[in-house]
Amino acid sequence: MKDSTNSDAKKVVLAERLAVLKKNKAFVVGASILGFWIFCSIFSKFMVRFDQDAMDFESINSPPSLKYWFGTDSTGRDVYSRVIIGARIIMVISFVATALGAFVGASLGLIAGYLKGKFDMVLMRILEAISAIPVIIIALLAVAAIGRSSTVITVLIIGFIFTPNVARTVRAAVLGESELEYVAAAKLRTEKTAHILFREILPNVLPTLIVEFTVRLGYAIFAVATLSFLGVGLEAGSPDWGTQVADTWDKIFTNIWWPTLFPAIAIASVAVSINLISDALLEVFEL
Amino acid sequence: MSTTQTPTLELRNLEVAYTVRGIDRQVLRDVSLSIAPGEAYGLVGESGCGKSTAAFAAMRYLPRNGKITGGSIIFEGKDIVDIGETDVAQLRCSAISMVYQNPATALNPTIRIGKQIAEVFELNGASKSDAMKLAQESLVKVQIADPERVMRRYAHQLSGGMAQRVVIAMALASNPRLLVMDEPTTGLDATVEAEVLDLVRELRRDTGTAVLFISHNLGVIRNMCDRVGVLYAGALVEQGATTEIFKNPSHPYTVGLLRCIPRGGLHKSTDRLDTIPGTPPALGTKYEGCVFASRCSLADDKCQTELPQMVQINGEHVARCFHSDKASSMPRSIEQIEYASQADVRSVHNDDALLSISHLSKIFTQDGHKVRVINDVSFNLGFGETLGLVGESGSGKTTIAKLLLGLVSPEEGGVVTLDGKGLAQTLNRRDVSDVGAMQIVFQNPDQALNRRHSVTRIISRAVERLRGFSVDDSVVRAHELLTGMRVDASLHSVRPVQLSGGLKQRVAIARAFAGAPQIVVCDEPTSALDVSVQAAILNLLVDLQKKDNTSFIFISHDLGVVRYISDRIAVLYLGRVVEFGTSQRVFNGPFHPYTEALLSSVPNIDGSIRKRIPLTGVVPSPSNPPSGCVLNPRCPRKAGSGYETLCETEEPNLTEVEPGHFMRCHIPVANLKQLQN
Amino acid sequence: MLRFIAKRIGLSLVTLFIVSMIVFVMMSIMPGDLAKQTLGRDATPEAYEIWNKEKGLDKPLVVQYCVWIGGVMTGDLGMSFQYDQPVSEILGPAASKSAQLAIVALILIAPISILGGVIAAMNRGKRVDRILTVGGLSAAVIPEFVWSVVLILVFGVAIRVFPVSAFPDEENPNIINRIYHLLLPSIALLFVLFGYISRITRAGVIEALDSDYMRTAVLKGLSRKTAVFRHVLRNALLPTIAVIATQVPYLAGGLIAIERVFNYPGFGNILMDAVVARDFSLLQTAVFLVGLVIICFQLIADVLFAVLNPRIRQRVTE
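Chains as they are written, first to last, in this note's numbering: chain A, 589 to 875; chain B, 8 to 684; chain C, 616 to 933.
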């Protein structure tokens, strides 16, 4: 009974939010683009026209045509198929890495913001130190230290690097919330700290966390693409967008722009679509 | 007022609308009023009635989504609704000025005070150096001590009262013919408010400026204005000379408003407060008939369908009501809740203390300084008794509440005893029954209710934790409690954000009562509410007390409210109890000098003129309290009392000056009594 | 005020210490044998031992850390494994190159972004505002290398108005020519940073525009323009300083990709080479220096912010 009344109220609020979102043009555009790429990463098998590694020596560096929609690269591979295949790699890595960073960061932020004191102070120093080094540089350092590129390591590194940002955002929100009297009211009915944190405070900082997650997801795309462009993020020879740009961009001086431009546009479109979504969420949650 | 003179300001059938979510919502409906030169016109009403909109409309300054949809604003005979930006600016810099509700934020935080005032003189053609000189002179005019220093300060370095003086100085710098004051003393402490109002009165006498005075406080309006307009839901419902309106209110709303204020001498033991049933309408609600009809006990079919026009009552006194003749004899509106056993009013004097606190102190560390915010406070609270805690901001009222509840722990030596049992100092070391026995109603229900939970869940969870009920039983109990607080069953599953302020506070009260408490601390429970809602909440609290014999600790800055609801009262100053006694004693005297000053500064709605006993200077910082009696540098009774040296060197103890009446003062009570007569 | 600055410096030193620890630990937990890698598989075990001894890698980690950090503090940055010459000689010229690029970029970015933010705020809710904010932020999430490649394609290949290399291909180029070569990479950075800086500026300006003191200024009789200039901009631009300073890490991180694409012999390129060559002595010092620069920037921004803001200034003096 308790839960039914509660979830009814939740449903109403959710429905209202969705209605507002549907009216937001930026959100619709962003969600459509992202939806397209998610579709590609799930059903890439049915969308490609050629095997992404198949080389057609008859047509090397051929410009976009009816056969090769986006043209071919210097080894005669179909650029269109490679772009479609590339979607899954970057999306999965970015999502998992962001989820990891958001989970660890949110946990640390919740605890630090609520407990304050020494734990908070020490944690904040460490997080500040981590964020004093640019994301890409930490990632490079880690790759150099470990000695090889690997997807798992990239996920871990990006998750680790995003932890401070998420933790700080959540901490600030928690600090604000814990000053509010409903927290004192919860203490005055002998609630345990865990309940206060997760049942009272967390629901109120959730919108902040969701927006922060989408913002970080955009950065993750940014970071993964940059790392693979620099040749350190993923296993060598992986058909992802950053690597495609890295492998082909020196040809643009000879006016062979298609193998570079299409994956570049793909990266840009995913990043922008996520940004549009987080922007719309920010507005809907009125943060 | 003479009718031949051109009025300074005239609003003629003014209509203003705000566009909210794409829809125009009317906030002012056909408002007509006029202010003669030198006259003070008061516009009074509850929150959301449009009074501030009227003030800003007179300045031709509306929010981005606001627009004038009809009528005219005539300043000295000239319609200013359609004049251009340059002309408006010219008008503002030379003829109309404004004083705002929050003086602290009205001043630019990064520009020195002197320069901000000088800016106005420069606009009026003074050279830079002249402007600075004039600015300093203007600070002298608003009675700021040490104007030279204030000139160099920044806004955040000023107290609220000082900041408002600066804003007034700035407003008067252009020698305006009209001064618009929007709640100029709301948010200031009573003694500071009284000083600012005195200053405004004096300046008016000297300058003869016409004033449009906006306030929700009927007492302030009564004391400051020649004529009054009562605004309800954007419509002017009654207008006339101040004395006439207060003596012979002729619109049911005005009558209701005046009746529901806990005023001089009313006490819960003998009087029940009137309420105005229902709630004020939402912004921009459309009406066919009278705006007040849905809440009016005199309303009939005609009121619902036909728009009443202003009816002349007596000379200039007009009311927008079909039944104005019956308004003053309107039946009283008293919300009565019937209980199975309505206990009689208990005797106040109860020697068995339910709660006893002794030697409670609290030291906070602020920027490395130790600040003693509570200093050796002791008192008892009887069964079913209400103890009022009174004091200005910084007196430590709320900290005492937190100490009692265990939300902060007292310094060594402080003891809280509940029903003979010593309580642990911090909340997490108290057992469930002790925690449930003492609960609180917070000032701001928006913050006190978790906005992500439903009303039922907020209450049922408290029942579950504090009474050990099963989940299903707690929900049943929660519904019972809410119904008992007159929260309609249809609202039990909504979230707090969907409730009005009064309903939210009812939910907060239900929450406090969820654990069947013996003591409920009420921390300014009605100060965020309108007076008509306040009365209903106070009635509810009184009923609950009668039903369960609950004791209250009632914190408020509103002396009328405290007097109405309290059996005994503790007056606090700088973390110390300076006077303690029955409500009767504390309000009728002999008074502690601080209490005396405090009481004399409250603007009366009965219109009786009282001599104000001023407190000089500002409240000292608790980090650096004065030596001797903490009140001594400001004490109105020290000089000439013969106890000056003692006052300045030794802190007095709280001593029983009459049976059951305690004071912290060196001056013998007999002397005080004599001085106060 | 002095106490505040001292406290702030103290905190920065703590952060810096943690940074050095992070960098050192990351560089010391690597698997594999560095000596083998550097000297090749055919060298004798004795040669490895000598090499390790020479580089001080045989000592305990604590000692290694102290030697390293002591050296950095006293200006001795150690020897590069890869080039076998002092790290300072490699990093010095590269850092100066990167600094030139960063300065040109900031001079371009700061005014344009702040102006963009002010314009957006003044036209809040209108089309200009939507385009500037949504467009700016969308541009900001597209990686620098994508911008660089696209810019080269458009301005260097399709319409040849900018050089495709960031460094003039001639002896002793004059300053104009050098700046001209740095423009395209700076524009790439502009796209990435405009969104952040203008958004913060916009928020600051809007807050000030909505403030009670702005209302006071207008109701005093000041024209809107004067009121905005005297009362809004000063208060609104304060937070922007802090933001520009916190964007320095992005700038530094972004330089790597940009220097790569524009073939610019800066710090980022050196860093990248060191990663590929696993030149740890160079790498750990270089990264530490990046941290140092960023922390210094943030320190300066904080102090500047406090000095310019009377509210903080007073709180820290009293």
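We treat Cβ as the ideally placed atom computed from N, Cα and C, and that holds for glycine.
Keep in mind that this is a model prediction, so the values were computed, not measured.
Original post:
Does the count of Cβ pairs from the region 769 to 783 of chain A and the region 798 to 813 of chain A closer than 8 Å reach three?
Top reply: Not touching, per the Cβ criterion.
Original post:
Under 9 Å between C-beta atoms, does residue 469 (chain B) make it to chain A?
Top reply: Here residue 469 (chain B) refers to the residue found at position 462 of the second sequence. For residue 469 (chain B), at least one C-beta of chain A is nearer than 9 Å to its own C-beta.
Original post:
What's the call for residue 155 (chain B), buried or exposed, on a 16-neighbour Cβ count within 10 Å?
Top reply: Residue mapping note: residue 155 (chain B) aligns to position 148 of the second sequence, counting from 1. Residue 155 (chain B) is exposed by the Cβ-count criterion.
**OP:** Determine the closest residue to residue 878 (chain C) out of C:675, C:800, C:739, with distance taken between C-alpha atoms.
**Re:** Here residue 878 (chain C) refers to the residue found at position 263 of the third sequence. Nearest option by C-alpha distance: C:800.
Subject >> Short CB-CB distance (under 9 Å) between residue 591 (chain B) and chain A >> reply: On the second sequence, residue 591 (chain B) is found 584 positions in, with the first residue counted as 1. Answer no: the Cβ-Cβ gap between residue 591 (chain B) and chain A never drops below 9 Å.
**OP:** Consult DSSP for residue 435 (chain B) and reduce its assignment to one of helix, strand or coil.
**Re:** Within the second sequence, residue 435 (chain B) is the residue found at index 428, counting from 1. In the structure shown, residue 435 (chain B) sits in a helix (DSSP, three-state: H, G or I).
Original post:
Using 8 Å as the Cβ pair cut-off and three pairs as the minimum, do the region 840 to 857 of chain C and the region 115 to 124 of chain B touch?
Top reply: Three or more pairs of CB atoms, one per stretch, sit closer than 8 Å, so the region 840 to 857 of chain C contacts the region 115 to 124 of chain B.
**OP:** Whole angstroms is fine: what's the gap from residue 803 (chain C)'s alpha carbon to residue 778 (chain C)'s?
**Re:** Locating residue 803 (chain C) in the third sequence gives position 188, where the first residue counts as 1. Locating residue 778 (chain C) in the third sequence gives position 163, where the first residue counts as 1. A straight-line Cα-Cα distance of about 14 Å links residue 803 (chain C) and residue 778 (chain C).
**OP:** Measure the beta-carbon distance from residue 686 (chain C) to residue 693 (chain C) and round it to whole angstroms, keeping in mind my assumption that it falls under 8 Å.
**Re:** If you number the third sequence from 1, residue 686 (chain C) lands on position 71. If you number the third sequence from 1, residue 693 (chain C) lands on position 78. Residue 686 (chain C) to residue 693 (chain C), Cβ: 6 Å. Contact.
Subject >> Chain-ordered residues of the region 355 to 387 of chain B with a beta carbon less than 7 Å from chain C >> reply: Per Cβ criterion, the list is empty.
Original post:
Which one of C:902, C:790, C:814 has the shortest CA to CA distance from residue 728 (chain C)?
Top reply: Taking the first residue of the third sequence as position 1, residue 728 (chain C) is located at position 113. Nearest in C-alpha terms to residue 728 (chain C), of all of C:902, C:790, C:814, is C:814.
**OP:** Tell me, please, whether the CB atom of residue 833 (chain C) is closer than 9 Å to any CB atom in chain B?
**Re:** The residue given as residue 833 (chain C) occupies position 218 in the third sequence. Answer yes: the Cβ-Cβ gap between residue 833 (chain C) and chain B drops below 9 Å somewhere.
Subject >> Terminal residues of the beta strand (DSSP E) in which residue 628 (chain B) lies >> reply: Locating residue 628 (chain B) in the second sequence gives position 621, counting from the first residue. Neither: residue 628 (chain B) is in no beta strand (DSSP E) and is coded neither H nor E.
**OP:** Determine, using beta carbons only, whether residue 161 (chain B) comes closer than 9 Å to chain C.
**Re:** Position 154 of the second sequence holds residue 161 (chain B). It does: the Cβ of residue 161 (chain B) has a partner Cβ on chain C nearer than 9 Å.
Original post:
Can you find a heavy atom of the ligand COA that lies under 8 Å from the Cβ of residue 328 (chain B)?
Top reply: Absent from the structure shown: the ligand COA. Ligands present: none.
**OP:** Report yes if the C-beta distance between residue 827 (chain A) and residue 659 (chain A) is below 9 Å; otherwise report no.
**Re:** Taking the first sequence and counting its residues from 1, the one referred to as residue 827 (chain A) is at position 239. Taking the first sequence and counting its residues from 1, the one referred to as residue 659 (chain A) is at position 71. No, the Cβ-Cβ distance between residue 827 (chain A) and residue 659 (chain A) is not below 9 Å.
Original post:
If you draw a straight line from the C-alpha of residue 858 (chain A) to the C-alpha of residue 864 (chain A), how long is it?
Top reply: On the first sequence, position 270 is the one that residue 858 (chain A) refers to. On the first sequence, position 276 is the one that residue 864 (chain A) refers to. Approximately 10 Å between the Cα atoms of the pair.
Original post:
Shorter than 9 Å from the beta carbon of residue 679 (chain C) to some beta carbon of chain A?
Top reply: As a first step, residue 679 (chain C) must be located in the third sequence, where it is residue number 64. False, the Cβ-Cβ gap to chain A never drops below 9 Å.
Original post:
From the beta carbon of residue 282 (chain B), is the nearest beta carbon of chain C less than 9 Å away?
Top reply: As a first step, residue 282 (chain B) must be located in the second sequence, where it is residue number 275. Taking Cβ atoms only, chain C never reaches closer than 9 Å to residue 282 (chain B), which makes this a no.
Original post:
Hey, does residue 716 (chain A) have any beta-carbon neighbour from chain C nearer than 9 Å?
Top reply: Taking the first residue of the first sequence as position 1, residue 716 (chain A) is located at position 128. Under the 9 Å criterion on CB atoms, residue 716 (chain A) is classed as interfacial with respect to chain C.
**OP:** State yes or no: is the C-beta of residue 644 (chain B) within less than 9 Å of the C-beta of residue 675 (chain B)?
**Re:** Counting from one through the second sequence, the residue named residue 644 (chain B) turns up at place 637. Counting from one through the second sequence, the residue named residue 675 (chain B) turns up at place 668. No.
Subject >> Span of the beta strand (DSSP E), counted from its first residue to its last, around residue 668 (chain B) >> reply: The count along the second sequence starts at 1 and reaches residue 668 (chain B) at position 661. That run of the beta strand (DSSP E) goes 668 to 670.
Original post:
What does residue 845 (chain A) reach in chain C if we use C-beta pairs closer than 8 Å?
Top reply: Looking up residue 845 (chain A) in the first sequence gives position 257. Per Cβ cutoff of 8 Å: 768, 772.
Subject >> Enclosing alpha helix (DSSP H) for residue 397 (chain B) [first to last residue] >> reply: As a working mapping, residue 397 (chain B) is identified with position 390 in the second sequence. Segment 393 to 397 is the beta strand (DSSP E) holding residue 397 (chain B); no alpha helix (DSSP H) there.
Original post:
In terms of DSSP beta bridges, what is residue 26 (chain B) paired with?
Top reply: Here the question's residue 26 (chain B) lines up with position 19 in the second sequence. B:31.
Original post:
Between the C-alpha atoms of residue 851 (chain A) and residue 775 (chain C), what's the straight-line distance to the nearest angstrom?
Top reply: Taking the first residue of the first sequence as position 1, residue 851 (chain A) is located at position 263. Taking the first residue of the third sequence as position 1, residue 775 (chain C) is located at position 160. Take the alpha-carbon of residue 851 (chain A) and the one of residue 775 (chain C): they are about 23 Å apart.
Original post:
In chain A, which residues lie with their C-beta within 9 Å of the C-beta of residue 455 (chain B)?
Top reply: Along the second sequence, read from residue 1 onward, the residue named residue 455 (chain B) stands at position 448. Per Cβ cutoff of 9 Å: 768, 769, 770, 772, 773.
Subject >> residue 686 (chain B) versus residue 379 (chain B) - alpha carbon distance >> reply: The first residue shown for chain B is 8 and the last is 684, placing residue 686 (chain B) beyond what the model contains.
Original post:
For chain B, is any of its Cβ atoms less than 9 Å away from the one on residue 854 (chain C)?
Top reply: If you number the third sequence from 1, residue 854 (chain C) lands on position 239. Not an interface residue.
Original post:
Which residue spans inside the region 443 to 511 of chain B form an unbroken alpha helix (DSSP H) run of at least 4?
Top reply: When DSSP assignments are scanned along the region 443 to 511 of chain B, the uninterrupted stretches of alpha helix (DSSP H) that are 4 or more residues long and fall wholly within it turn out to be 452 to 455, 462 to 474, 478 to 491.
Original post:
Can you list, in chain order, the stretches of the alpha helix (DSSP H) that have 4 or more residues and sit fully within the region 715 to 790 of chain A?
Top reply: Within the region 715 to 790 of chain A, complete alpha helix (DSSP H) segments of at least 4 residues are found at 723 to 734, 739 to 766, 769 to 775, given in chain order.
**OP:** Taking only the alpha-carbon atoms, compute the straight-line gap between residue 456 (chain B) and residue 783 (chain A) and give it to the nearest angstrom.
**Re:** By one-based count along the second sequence, residue 456 (chain B) stands at place 449. By one-based count along the first sequence, residue 783 (chain A) stands at place 195. Rounded to whole angstroms, residue 456 (chain B) to residue 783 (chain A) spans 16 Å at the Cα level.
**OP:** Please report how far the alpha carbon of residue 677 (chain A) lies from the alpha carbon of residue 710 (chain A), in whole angstroms.
**Re:** As a working note, residue 677 (chain A) is residue 89 in the first sequence. As a working note, residue 710 (chain A) is residue 122 in the first sequence. Cα-Cα distance, rounded: 36 Å.
**OP:** Return the first residue and the last residue of the beta strand (DSSP E) that residue 588 (chain B) is part of.
**Re:** What you label residue 588 (chain B) is simply residue 581 of the second sequence in a count that begins at 1. Per DSSP, the continuous beta strand (DSSP E) segment holding residue 588 (chain B) begins and ends at 583 to 589.
**OP:** Round the Cβ separation of residue 546 (chain B) and residue 279 (chain B) to the nearest angstrom and send it over; I've been treating them as touching at under 8 Å.
**Re:** Within the second sequence, the letter at position 539 stands for residue 546 (chain B). Within the second sequence, the letter at position 272 stands for residue 279 (chain B). Right, the Cβ-Cβ distance comes to about 6 Å (below 8 Å), so this counts as a contact.
Original post:
So what does DSSP say about residue 884 (chain C), is it helix, strand or coil?
Top reply: Counted from its first residue, the third sequence places residue 884 (chain C) at position 269. Here DSSP, grouped into helix, strand and coil, assigns residue 884 (chain C) to helix.
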